[in-house]
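> Structure below; questions to follow.
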C-alpha cells in the first residue's frame, strides 16, 4: 500500500525508528512474517512512517499521538467502510502493539499497487474526475451509525483565525508570489457562505493526491489513509477539485457530484485554507506538501 506522496525532503522519522526496529517489532508480534525484507518507504507525510514488508505488505507506524489515534480509527472503521466504496481501500492484516521501546500501536496492511497522481500530469483527467466523484458520492451515501467526527469536518468558521494568520505569514514571504489580498477576498467570501443544511455525512476528509493511487490508465485504483475519516461537512471531500484536477475536469467533478453553490464555495475555501496554512509551515521541510499548497493557491485564485 503506497501511502502518502514520496518526497526527497520528507522529514525523517524518530531516529529510534529504523529498519532494524521494524524488523524486530514484526518478528516479535507476527512470527509468520519474520524474515521478510524490510525497507523504508519514502513519504512526504508527516504523521506516519512507512516500511515495505516483503512484496505484499506494508507496515505503518505513527510518529506521535495523532498518528496513534489514526491507527485506532482505521482498525475500527476500514472493514466497515470498505464494502460500501467503489475503489480499493487499505486492509488491516495485523495489529501491532507498543513494544521494544516503540510507544504506539501500529498496523500491517496489504500492499496496494499504483502511482500517486500528479497535478498537471494526469493522463485521463476527466475520467479520473468521474472516478473521484463516484468515490465521494458513495462515501457520502454511507449510513453507518455512530461515526466519529471527521478531522476538518466541523464548521468552516473554525478555520478563520488560523487561515488569516497564514495569509499574514505569507505576506512576509514575498518570494512565494502569493496575492494575499486575493486570497483574503476568497476567504472572506467563504466566511459569508451558508453552512451545510443537512445532516453530517461520512467523509474521507483527506483526499490529497498522496492519498490516491491510479492505475496504468490513469484511473482511480485505490484511496488510502483513512486516519481523518468520519462524519462532517460534505464540502471537506471536494479537495481534489483544486488540489489535483485541471479546470475542465474540475467541472466534470462538480457536475457528477451535483453539489449546490454553497457546498462548492465551502469546498473551495476549505481547500484554500489548508494550502495557505501548509505553505509557510512546510516550504522548507517538505517539498511535496509545499508544492501541492502552491498548486492549490494558484488553482483557486486563477478562478477569479
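Numbering (the numbering used here), first residue to last: 232 to 535.
Where is the CB? At the ideal position from N, CA and C, for every residue including glycine.
Computed from a predicted structure; not experimentally measured.
1. Give every residue of the same chain whose Cβ lies closer than 7 Å to the Cβ of residue 477, excluding the five residues on either side of it in the sequence, and list them in chain order.
2. From residue 428 to residue 331, what distance separates their C-alpha atoms?
3. Determine the DSSP secondary structure at residue 240, reduced to helix, strand or coil.
4. Note down the Cα distance separating residue 447 from residue 431, rounded to an integer number of angstroms.
5. Could you pull the start and end residues of the alpha helix (DSSP H) that residue 384 belongs to?
6. Under three-state DSSP, which class holds residue 253?
7. Report the three-state DSSP secondary structure of residue 526 (helix, strand or coil).
8. On the three-state DSSP scale, how would you describe residue 436?
9. Quick one: Cα of residue 345 to Cα of residue 441, how far?
10. Who pairs with residue 279 in a beta bridge, going by DSSP?
11. Since I believe residue 528 is in contact with residue 409 (beta carbons under 8 Å), could you give me their beta-carbon distance rounded to a whole number of angstroms?
12. Could you give the distance in angstroms between the alpha-carbon of residue 343 and the alpha-carbon of residue 317?
13. Have a look at residue 286 and residue 444 and give me their C-alpha separation to the nearest angstrom.
14. With DSSP collapsed to three states, give me the class of residue 319.
15. Should residue 401 be labelled buried (16 or more other beta-carbon atoms within 10 Å of its own) or exposed?
On the basis of the coordinates in this document:
1. Taking the chain shown and counting its residues from 1, the one referred to as residue 477 is at position 246. Here the set comprises 356.
2. Along the chain shown, one-based indexing puts residue 428 at 197. Along the chain shown, one-based indexing puts residue 331 at 100. Approximately 49 Å between the Cα atoms of the pair.
3. Taking the chain shown and counting its residues from 1, the one referred to as residue 240 is at position 9. Because residue 240 carries a pLDDT of 35, less than 50, the predicted location of this residue cannot be relied on, and no value is offered for it.
4. The residue you call residue 447 lines up with position 216 of the chain shown. The residue you call residue 431 lines up with position 200 of the chain shown. The alpha-carbon atoms of residue 447 and residue 431 are separated by roughly 35 Å.
5. Position 153 of the chain shown holds residue 384. No alpha helix (DSSP H) holds residue 384; DSSP gives it neither H nor E.
6. Within the chain shown, numbered from 1, the residue matching residue 253 stands at position 22. In the structure shown, the three-state DSSP call for residue 253 is helix.
7. Position 295 of the chain shown, counting from 1, holds the residue named residue 526. Residue 526 falls in the helix class under three-state DSSP.
8. Here residue 436 is taken as the residue at index 205 of the chain shown, counted from 1. It is coil, neither helix nor strand.
9. For the purposes of this step, residue 345 is identified with residue 114 of the chain shown, where counting begins at 1. For the purposes of this step, residue 441 is identified with residue 210 of the chain shown, where counting begins at 1. Cα-Cα distance, rounded: 11 Å.
10. Stepping through the chain shown from its first residue, residue 279 is reached at position 48. For residue 279, the pairing in a beta bridge is given by DSSP as 293.
11. Taking the chain shown and counting its residues from 1, one reaches residue 409 at position 178. Taking the chain shown and counting its residues from 1, one reaches residue 528 at position 297. Their Cβ separation, rounded to whole angstroms, is 6 Å, which keeps residue 409 and residue 528 in contact under 8 Å.
12. Residue numbering aside, residue 343 sits at position 112 when the chain shown is read from its first letter. Residue numbering aside, residue 317 sits at position 86 when the chain shown is read from its first letter. Looking at the two C-alpha atoms, the distance is approximately 15 Å.
13. By 1-based counting over the chain shown, the position of residue 286 is 55. By 1-based counting over the chain shown, the position of residue 444 is 213. C-alpha separation (whole angstroms): 17 Å.
14. For this step, residue 319 is matched to residue 88 along the chain shown. Note: residue 319 maps to strand in three-state DSSP.
15. Numbered from its first residue, the chain shown carries residue 401 at position 170. Counting Cβ neighbours within 10 Å, residue 401 comes out buried, since at least 16 surround it.
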